[in-house]
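Heads up: the sequence shown runs through residues 1 to 278, numbered per full-length UniProt numbering. Ideal Cβ placement from N, Cα and C applies to all residues, glycine included. Note that the coordinates shown come from a computational prediction; the quantities given were computed from them, not determined experimentally.
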Amino acid sequence: MRIATWNVNSVRARSGRIVDWMEREDIDVLAMQEIKCKPEQFPSQAFEDAGYDLAIHGLSQWNGVAFASREPMTDVVTAFPNMPGFQKGAVGPDQPLEARALGVTVNGLRLWSLYVPNGRALGDPHYAYKLAWLNALEAHAAEELSRHPALALAMMGDWNVAPRDEDMGDPSFVPGLSTHISPEERAAFDAFEQAGLTDVVRPIVPEGFTFWDYKQLRFPRNEGMRIDFILGSPAFADLVTDASIHRNERKGDAPSDHVPVLVDLDLGGDDDDRPMIF
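As structure tokens, then:
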């Protein structure tokens, strides 16, 4: 089984490119972030014509997450417990939830498509929101794995955190002044390992960025960031046989500023029941 995550930065602008890549790479399940549309605006026909079912969570022209899957999706949820909300200028616990999380079950795998808040700037209310959002997500992961230790769980998407120094190649991000690399954000990301999740891609692909800003020739200069991750439980990690970062998807006509991250899984099936051809 082949599973991928991709911040597509507007699915309506790139549906043809996305579907072409999915067909070319034989993707079974794609988690998408920053779809930037409501479900009724999603270019569903292109995906359905290619044989994919869809789960979509979008509330406006901002944010938004989705799944495209060749196999049925069940247990669909659009938030995790205690997920905080955000509204500019608002205070208090009852702020509206954004379309940043979507959970589905596919073939016994519990999968999340996640678009972690950016944070904007150190000291900005959005930064506090980002940390609270990550903390609530980690608490949910820890609770799920405590109750179901054998659960094959994957949390994947755009985490907006570069957890290691080598993951940040954009010179405009300065330690002590910028988000994505602050000690608090990195600690919040590292907490997922304590919860039982590990980066299942890095052991196979130790180097490589997943995002390059459109400005300042960041891609030609390879001044990018590694901020898109697939974090898996032990049961999920045990299934992973290969992984890749598809850098070439940042090239060409109207690319997203992110590229797909992909894992291959061995679910233990066999082909012995298929007809033998001589």
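- Close CB contacts of A237 within its chain, under the 8 Å cut and outside five residues either way in sequence, are with T198, V200 (chain order).
- Per DSSP, reduced to three states, the secondary structure at D165 is helical.
- As for any beta strand (DSSP E) of minimum length 3 sitting wholly inside the region 12-37, the runs are 29-33, ordered along the chain.
- For N9, DSSP assigns no beta-bridge partner whatsoever.
- Residue pairing by DSSP places Y115 opposite D158 in a beta bridge.
- Closest option to F80, judged by alpha-carbon separation, among Y52, D53, A142: A142.
- Non-local beta-carbon contacts of A50 in its own chain, meaning distances under 8 Å to residues more than five positions away in sequence, involve V19, M22, E23 in chain order.
- In its chain, beyond the 5 residues on either side, R226, I245, R247 have a beta carbon closer than 8 Å to the beta carbon of G208.
- The DSSP-derived three-state label of S256 is coil.
- Between I230 and L109, the gap from beta carbon to beta carbon reaches 9 Å or more.
- With fewer than 16 neighbouring CB atoms inside 10 Å of its own CB, Q61 falls in the exposed class.
- Beta-carbon to beta-carbon, G119 and T179 are separated by about 4 Å, close enough to satisfy the 8 Å threshold.
- Out of A188, Q45, A68, the CA that lies nearest to the CA of D26 is found in A68.
- Separation of the CB atoms of A243 and L265 is rounded to 10 Å, and the pair is thereby denied contact status at 8 Å.
- E34 is positioned such that its CB atom lies closer than 9 Å to that of Y115.
- Relative to R12, the option among Y127, K38, L30 whose CA is nearest is K38.
- Nearest to A152 by alpha-carbon distance, out of G89, Q41, V104, is V104.
- Here V65 really is in contact with S113; their C-beta atoms are around 4 Å apart, less than 8 Å.
- With respect to the 9 Å criterion, N63 and E40 are not classified as neighbours on the basis of their beta carbons.
- Taking the CA atoms as reference points, K36 sits about 19 Å from H126.
- Unbroken beta strand (DSSP E) stretches of 3 residues or longer found wholly inside the region 213-270: 228-232, 240-245, 261-265, given in chain order.
- Contact annotation: S256 and V8 have beta-carbon atoms nearer than 9 Å.
- By the Cβ-count criterion, Y129 is buried, with 16 or more other Cβ atoms from all chains shown falling within 10 Å of its own Cβ.
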